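Residue numbers for the sequence shown follow full-length UniProt numbering, beginning at 1 and rising by one.
Think of the CB as a built atom: it goes at the ideal place given N, C-alpha and C, for glycine as much as any other residue.
Treat the numbers as computed from the prediction; the structure is a model and nothing was measured.
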Amino acid sequence: MARIFRNELHEELGTWALGYAPAGGADYGEVVAIAEAVGHGGDDVFHDVWRAAGERMVSGAVAALEAGHRASARDQFLRAAVAYGTAYRPLYGAPVDPRLRAAFDHQIAAFEQGLALGDPPVAPMPIPFGEHPMTGYLIPAAGEAGTKPGPLLILTDGYDATVTDLYFASAVAAVRRGYHVLLFDGPGQGEMLIRRGIPIRPDWEAVIAAAVDAALGSPLVDPGRIALMGWSLGGHLALRAATGEHRLAAVIADPGMWDLTGGFREMAARILPAHMVDQALRGESRPLDRLARVLIDQSPRLRWLVVRRGFFVHGVADVGAYLAATSAFTLDGRLGSIRCPVLLTRAEKDPHAASAERISEALGGRGRILRFAAAEGAGDHCEMMNRSLLNRRVLDWLDTVLARE
């Protein structure tokens, strides 16, 4: 696909919205117009243009609601949430930029206003989790299926997405197919990260256990048909969760990701001496910190990936601490504990999916790989440019698995 945004990082972050077009999260012409308005501008301009788009959509939603057009109002509130959520992504980092926090607040407000206009209306649902309760959204299946007990699909995020992204990426498709869906932001994600500064944690089985407990408080949830789907880093987190949370009837990892350190090692090997990487993994990180800072500062994209996003999400301040934190995110010695069927996605051009075969082999007969090709427009990370294809194939598999339960 031809580049829309002139800046490499803006292209990566700004085109997420295109993946949400089939579910009503954006339109191609709208994103192109925003890209043209950003032009050669930096992160500040990117934020301002996307935020202005969100404000226009909220204004349109309010006007539609006042005129009695609830469907149009709902649509525009939800699209505004995508615009606000896109606006702040380049601003990731600690201390939290006030613009990031403000845009996030507008994002969640618009999202909740949109959900409140649904049929039936959806309100935030508390998920108790020790000292750090989470906020979830239990969205009933469409039509008559939404009034009775049925299968539940829990969606979990990765590094930098939020409940809004989960909604458009897969929730809309699942709800249409007769699934109740639970969305939430966990530690290191969305509200818990941006408003409360709570970093991500590797023991996602504890996080998902809390989500399952909360979901079972609803009469809509069939306790024997609860599935979990994670995307991006959430693919790893979903697999980790299934090693300890055995109430899950199925797990989808999009993509299948064994660990975080392996990905960092591959990235570091392209720009750093191998002996320095090995030293850092052993805890001797000072030489690497100094060299890495120089190299990272030369690449805005790399600086965003490692410093602004990675350090922020893990609550660390240097490369050595980042490596130490990410080394805990591994499936080593754990996959034998998974008891349910597992689906792994393997997009052709996604390096994060490279361990899908290793995971499938370790799972034996419990693991299956779904492959997605660039020729289908689904070869990139999380199949972002063809989520419709991803959702059809994943939900077909899930229909079959849960029908046997």
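How do the region 134-153 and the region 178-191 stand: do at least 3 beta-carbon pairs fall below 8 Å, yes or no?
Flag = yes, the region 134-153 and the region 178-191 touch.
Since His314 and Thr326 are thought to touch, with beta carbons under 8 Å apart, how far apart are those beta carbons, to the nearest angstrom?
That pair is a contact at about 7 Å.
Since Lys349 and Gly377 should fall inside the 8 Å C-beta cutoff, what is the C-beta to C-beta distance between them, to a whole number of angstroms?
The Cβ separation is near 11 Å, so there is no contact.
Would you kindly work out how many angstroms separate the C-alpha atoms of Leu239 and Ala353, rounded to a whole number?
Their backbone Cα atoms lie some 13 Å apart in a straight line.
Determine the burial state of Glu205: buried for a count of at least 16 other Cβ atoms within 10 Å of its Cβ, exposed for fewer.
Flag for Glu205 reads buried.
State buried or exposed for Asp254, treating a residue as buried only when at least 16 other CB atoms are found within 10 Å of its CB.
Answer is buried; the Cβ neighbour count reaches 16.
DSSP state of Phe372, grouped into three classes?
Residue state, collapsed to three classes: strand.
Quick one: Cα of Glu357 to Cα of Asp48, how far?
Those two C-alpha atoms are separated by around 42 Å.
Any chance the region 80-99 sits against the region 157-170, with 3 or more Cβ pairs inside 8 Å?
Counting Cβ pairs under 8 Å, three or more are found: they touch.
Distance between Thr15 and Arg31 (C-alpha atoms, nearest Å)
One detail in the question is off: residue 31 reads as Val in this sequence, not Arg. In this model, Val31 and Thr15 are separated by some 7 Å (Cα to Cα).
Return helix, strand or coil for Phe129, following the three-state DSSP convention.
Looking at Phe129 - three-state DSSP - the assignment turns out to be strand.
Residue range of the unbroken alpha helix (DSSP H) whose run includes Phe111
It spans Pro98 to Ala116 - the alpha helix (DSSP H) in which Phe111 sits, taken as one unbroken run.
State the start and end residues of the unbroken beta strand (DSSP E) segment that holds Tyr137.
Residues Met134 to Ile139.
On the DSSP bridge assignment, give the partners of Asp254 in chain order.
Answer is Trp231, bridged to Asp254.
Does Gly367 come out as helix, strand or coil in the three-state DSSP assignment?
Here Gly367 carries a strand assignment [DSSP, helix/strand/coil].
Element boundaries [alpha helix (DSSP H), containing Gly56]:
First, the residue type needs correcting, since residue 56 is Arg and not Gly in the sequence shown. Start and end: Asp43 to Glu66.
For Asp222 and Pro133, which I take to be in contact (beta-carbon distance under 8 Å), what is that distance rounded to the nearest angstrom?
Not really, about 25 Å apart at Cβ, beyond 8 Å.
Secondary structure at Thr345, three-state DSSP: helix, strand or coil?
Correct three-state label for Thr345: strand.
Give me whichever residues DSSP pairs with Val181 in a beta bridge.
According to DSSP, Val181 bridges with Ile139 and Leu153.
Just checking my contact of Ala110 with Ala116 at CB under 8 Å: how many whole Å lie between their CB atoms?
Contact between Ala110 and Ala116 fails: their C-beta atoms lie close to 11 Å from each other, not under 8 Å.
Other residues of its chain near Leu395: CB distance less than 7 Å, five sequence neighbours each side excluded:
The beta carbon of Leu395 sits closer than 7 Å to those of Ala173, Ala174 and Arg177, all from its chain and outside the five residues before and after it, given in chain order.
Would you call Ser59 buried or exposed, if buried means 16 or more other Cβ atoms sit within 10 Å of its Cβ?
Exposed.
Among Ala317, Val342, Leu78 and Gly41, which residue has its Cα nearest to the Cα of Tyr20?
If we check each option's Cα against that of Tyr20, Leu78 comes out closest.
Would you verify that the beta carbon of Arg177 is, or is not, closer than 8 Å to some beta carbon of chain B?
Within the model displayed, chain B is absent; a lone protein chain is all it includes.
Measure the alpha-carbon distance for Glu131 versus Arg196 and round it to whole angstroms.
Each residue's Cα considered, the two are about 12 Å apart.
Suppose only complete runs of 3+ residues qualify. What are the beta strand (DSSP E) ranges in the region 157-212, listed by chain order?
Counting whole runs of 3 or more residues, the region 157-212 contains the beta strand (DSSP E) stretches 180-184.
Using 8 Å as the threshold, is the C-beta distance between Val207 and Cys340 below it?
No, Cβ-Cβ distance for Val207 and Cys340 is not below 8 Å.
Hey, how far is the Cα of Arg225 from the Cα of His246?
Those two C-alpha atoms are separated by around 12 Å.
Report the residue ranges of all beta strand (DSSP E) runs contained in full by the region 299-361; include only those spanning at least 3 residues, in chain order.
Counting whole runs of 3 or more residues, the region 299-361 contains the beta strand (DSSP E) stretches 342-347.
Tell me, to the nearest whole angstrom, how far the beta carbon of Ala210 is from that of Leu228; I am working on the premise that it is less than 8 Å.
A Cβ-Cβ separation of about 13 Å leaves Ala210 out of contact with Leu228 under the 8 Å criterion.
Spatial neighbours of Arg3 within its chain, please: C-beta separation below 7 Å, excluding the five flanking residues on both sides.
Counting only Cβ-Cβ distances below 7 Å, and skipping sequence neighbours, we find Glu11.
Quick one: Cα of Leu65 to Cα of Ala71, how far?
Taking the straight line from one Cα to the other gives about 8 Å.
In whole angstroms, what separates the C-alpha of Ala61 from that of Gly29?
When the Cα atoms are used, Ala61 and Gly29 turn out to be separated by approximately 19 Å.
Can you check whether the CB of Ala26 is closer than 8 Å to the CB of Gly54?
No.
Would you call the CB atoms of Arg346 and Leu363 closer than 8 Å?
Contact: no.
Name the two residues that bound the continuous alpha helix (DSSP H) containing Asp75.
Asp75 -> alpha helix (DSSP H) spans Arg70 to Ala87.
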